[in-house]
């Protein structure tokens, strides 16, 4: 296999599967899923410290040597997201942030205006900004120009498992992007992750598809294989689609 | 004096600092961040930052998410 390193924010990764940690029934189940996924980068959320909580997701990530990627999940405004990112930087000693500013609770779709505003402020403050966005090529371009280290378009709403609803837009984003494109949200099963990579995405971020599967560790292994398979297929170059058959055996003479 | 720590009214000594407010919730400092009235207080400043009555202290940590 050719050397195929994934470079994000100036750091090198051998895995192109970024995991989320939400939705796992226990830290033990999460730990097994993370191991099976082979991930090297995993998101966490920032919330009020609850003294009754036992165990920490940070301990799980640290024990596995997985880089922590704080997100700004739950923020509805740029101001909230910037404060959350700064708190995450203070707590976790990382200037990486998955920027997530949602528009409403029902769809959890990202708010493009607030996201762009927050991205500009966080880039100016020295953050490595990875913004979660709709599948909008124009916004992706603007965020790249604003200095974001990647763009992370959704395949479908968070937790929906609907797959990639608009593959054409994902292709348009990939074609134009000079920064990594990470398909984020909407993945339901392994073929969705493979498709994201076949479309040219540099990596896939998913959580619910694994953590809410009946067997999270097995689905994590499936996602790992799917991301690798999709990446290899992309690099290999698929054959053109034809309307009619083209014989693969020699003609009978 | 009374301050609001993570949304809960909490009685603290009049001399209390951010460190004292954090200490009502946890003995840990690693992986924890504090906002005082909407502004981040860096860990190195916790013990020197005095609270005032009515202050809003948010003590955050990383949880499963995303």
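Chains as they are written, first to last, in my numbering: chain V, 1 to 253; chain W, 1001 to 1066.
For each residue, glycine too, the CB sits at the ideal point set by N, CA and C.
- Measuring C-alpha to C-alpha distances from residue 209 of chain V to each of V:19, V:10, V:28, V:201 identifies V:19 as the nearest.
- For the C-beta of residue 46 of chain V, the chain W residues within less than 9 Å are, from N- to C-terminus, 1033, 1060, 1061, 1062, 1063, 1065.
- CA-CA distance, residue 5 of chain V to residue 13 of chain V, rounds to 6 Å.
- Listed in chain order, the positions of the region 80-91 of chain V with a beta carbon within less than 9 Å of a beta carbon of chain W are 83, 84, 86, 87, 88, 89, 90, 91.
- Nearest to residue 1063 of chain W by alpha-carbon distance, out of V:65, V:58, V:67, is V:58.
- Residues of chain W with a Cβ closer than 8 Å to the Cβ of residue 22 of chain V are, in chain order, 1064, 1065, 1066.
- A Cβ of chain W is located within less than 8 Å of the beta carbon of residue 57 of chain V.
- In terms of Cβ geometry, residue 97 of chain V and residue 114 of chain V do not form a close pair [threshold 8 Å].
- Interface residue (Cβ-Cβ distance to chain V less than 8 Å): residue 1023 of chain W is not classified as such.
- Look at the region 153-233 of chain V and you find these whole runs of beta strand (DSSP E), each 3 residues long or longer: 182-184, 203-206.
- The Cβ atoms of residue 1031 of chain W and residue 21 of chain V do not sit closer than 8 Å to each other.
- Using a Cβ-Cβ cut-off of 8 Å, residue 1038 of chain W counts as an interface residue toward chain V, since at least one Cβ of chain V sits closer than that to its own.
- When only Cα atoms are considered, residue 1026 of chain W and residue 51 of chain V end up about 6 Å apart.
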